[in-house]
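Chemist: Per UniProt numbering, numbering of the sequence shown is gapless, rising by one per residue and ending at 296.
Backbone N, C-alpha and C fix where the C-beta goes; we use that ideal spot for every residue, glycine too.
In this text the structure is predicted, and so the values were computed from the model without any measurement.
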Amino acid sequence: MKKTLKIPDIKNLPQSKSIFFLDSLKELDSYLSSLTIYETLIIHGSFGDFSFTEYSDLEITIVLGDVFCIKESTVSNQLVAINKMVNELIIKVDPLQHHGAFFINKYDISNYNESILPLCAYDNCWSLTSKEMEFTISNSVDDTKIVSRKHLELTLDRLRNPELFFRYGIGMYSIKQLLSNFLMVPVYYYQSKGVLLNKKQAIHRFSEDFHEIFNSTLSIATYLRNTWPVSPNWIKLLRNHTIYEKIPQNKVDLILINLYKNKKISDICINDFLIHMKKFLSNFQVVLDETRKLAD
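(1) For the region 211-228 against the region 126-136, do three or more pairs of beta-carbon atoms, one drawn from each stretch, fall closer than 8 angstroms, so that the two count as touching?
(2) Would you identify the three-state DSSP class for Lys-2, choosing helix, strand or coil?
(3) Strictly by DSSP, which residues pair up with Thr-40?
(4) For Ser-127, which of helix, strand or coil comes out of DSSP?
(5) Please state if the CB of Ser-46 and the CB of Asp-57 are separated by a distance shorter than 9 angstroms.
(6) In terms of alpha-carbon separation, which member of Phe-210, Ile-270 and Tyr-188 lies closest to Ile-220?
(7) Suppose the cutoff is 6 angstroms on Cβ atoms and the five residues either side in sequence are ignored; what does the same chain contact list for Pro-248 look like?
(8) Is it buried or exposed, Tyr-173, if we count other Cβ atoms within 10 angstroms and call 16 or more buried?
(9) For Gly-171, which option in Ile-90, Cys-69, Ile-268 and Ser-192 has the closest C-alpha, if you only look at C-alpha atoms?
(10) Please classify Gln-15 as buried or exposed, where buried requires at least 16 neighbouring CB atoms within 10 angstroms.
(11) Tell me, to the nearest whole angstrom, how far the beta carbon of Thr-144 is from that of Gln-78; I am working on the premise that it is less than 8 angstroms.
(12) Strictly by DSSP, which residues pair up with Tyr-112?
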């Protein structure tokens, strides 16, 4: 099955002036264009649909060419350079980001596996030039359901043990990672049912389908997202020195980034969010168990 992704040029969108890192993105694209494996970049997620807040991370996909026709050492060296430059921009936009860029190449596009990242993730996206990309979907809906069910179970297991997120302290980084995992539950749930929705669509539908058990926790997560404070400059400087080829870079990076704490946010997380989330997880497990019984 083929799907066409139409990517608009940011300069043709009325919200372009709200992208505060646009000049830096153009500089990045100009540099990357000198590399033989690079084709273009795509901005999606909250910055793609312009709903971003101080909480938002930068969802960026780097599109590569036919890497299998280029010398392996060249590809390896250029990937290191790309990661370094892209990660610098990511940390500039969101010093608390817990993941790097998403990479796809020419082969991936002609054999695209939606169980990794469904194309609906690009429903609202843009680039520095308009572009149409035709994807050939290689996996079945059943494949996506199986993979997503595993992602859902792993995410729920992590959320049931929030201390795993706080092993380096209850810092802003770890709180954000906890919230991000919680907000992925609706996405994985619907994907496990064979329904591919982007994150915003999934959360909205989940809040309607499971409003009695989900919405109190969602309202706290939404409040934290909307009132998330600006990261101090020292965090940006710190991560610029610790991040190089991947995000997070290593254990030292995780320890240092969790030095940044905010009492108001941590109090809400511990005294409100975790309590409501625990109730949600318990009630949602009942829903999942009943669904499995019906399936049997």
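Modeler: Here's the rundown:
(1) With the cut-off at 8 angstroms, the region 211-228 and the region 126-136 do not touch.
(2) strand
(3) Paired residue(s): Val-63.
(4) strand
(5) A Cβ-Cβ contact shorter than 9 angstroms links Asp-57 with Ser-46.
(6) Ile-270
(7) Leu-254
(8) buried
(9) When Ile-90, Cys-69, Ile-268 and Ser-192 are compared, the shortest CA-CA separation from Gly-171 is found for Ile-268.
(10) exposed
(11) Incorrect: roughly 31 angstroms between the Cβ atoms, too far for contact.
(12) Ile-137
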